[in-house]
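Take a look at the structure below.
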Amino acid sequence: MRVIVSPTSRKNRTEVMAAKVIFVIFRRSDLAREACLEQWNGERHGAVVRKTPGLRKWTQNHVVSEEGERMPDGIGELWFDDMEALQAAMNSAEMGAAVEDAKNFLDMDKTYAVVVDEKKCLLRKICGLHWGVN
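At position 58 of the sequence shown (counting the first as 1) the number is 1126 in the numbering used here, and the numbers step up by one without a gap.
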């Protein structure tokens, strides 16, 4: 699994958002998408991931688009209080254990992680509906 980290400067920001890493996951070729997602969302993997130090939030996004060679099977999001906590977690034995467990259902040559700097979106009114994040 590749982890892509690009340090960003947070000086001159009045509001610091939590640090977040996004995992783009691809299943092993011998597993159906449903079987992969069941293991990813299962109790065994969840128990391992929950031990990650500093982890504040974990979200799984299961892809429902038509399957294809380049289409991932899911997008995982892990939130931490700050970049230091994220870096410590990524280097921890607990994260190592989570990666080892993920090898049971993920193609680690295709799966990758990206550290992101999440930005708040402005509310927009589209077709009478309000979209965005406060």
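Even for Gly, the Cβ is constructed at its ideal location relative to N, Cα and C.
Strand pairing of residue i, partner residues [DSSP]
i, result
"Asn1129", "Ile1143"
"Leu1174", "Arg1095"
"Leu1123", "Phe1148"
Nearest neighbour of residue i, chosen from the options [CA to CA]
i, options, result
"Glu1145", "Asn1159, Glu1111, Gly1136 and His1130", "His1130"
"Ala1100", "Phe1173, Phe1091, Glu1162 and Glu1186", "Phe1173"
"Ser1160", "Trp1108, Gly1142, Glu1111 and Pro1121", "Pro1121"
"Arg1124", "Trp1147, Glu1106 and Ile1143", "Trp1147"
"Lys1178", "Ala1115, Glu1137 and Gln1128", "Glu1137"
"Leu1105", "Ala1165, Cys1189, Val1132 and Glu1162", "Val1132"
"Glu1134", "Gly1142, Met1163 and Ala1166", "Gly1142"
"Ala1166", "Ser1097, Asp1149, Gln1107 and Asp1098", "Gln1107"
"Glu1162", "Glu1102, Ile1090 and Gly1114", "Gly1114"
"Thr1127", "Val1116, Asn1109 and Lys1119", "Asn1109"
"Pro1117", "Ile1090, Gly1164 and Ser1097", "Here residue 1117 turns out to be Val, not Pro, going by the sequence shown. The option with the nearest alpha carbon to Val1117 is Gly1164."
Start and end residues, beta strand (DSSP E) containing residue i
i, result
"Ala1181", "Tyr1180 to Val1184"
"Ala1087", "Ala1087 to Ile1093"
Sub-8 Å separation of residue i and residue j beta-carbons
i, j, result
"Asp1169", "Arg1112", "yes"
"Pro1140", "Val1183", "no"
"Ile1090", "Ala1181", "yes"
The alpha helix (DSSP H) enclosing residue i, as first and last residue numbers
i, result
"Gly1114", "Glu1111 to Val1117"
"Glu1106", "Arg1101 to Trp1108"
Any contact of the segment 1086 to 1095 with the segment 1141 to 1156, i.e. 3+ C-beta pairs under 8 Å? A contact between stretches requires three or more CB pairs, one per stretch, nearer than 8 Å, and the segment 1086 to 1095 meets this requirement with the segment 1141 to 1156.
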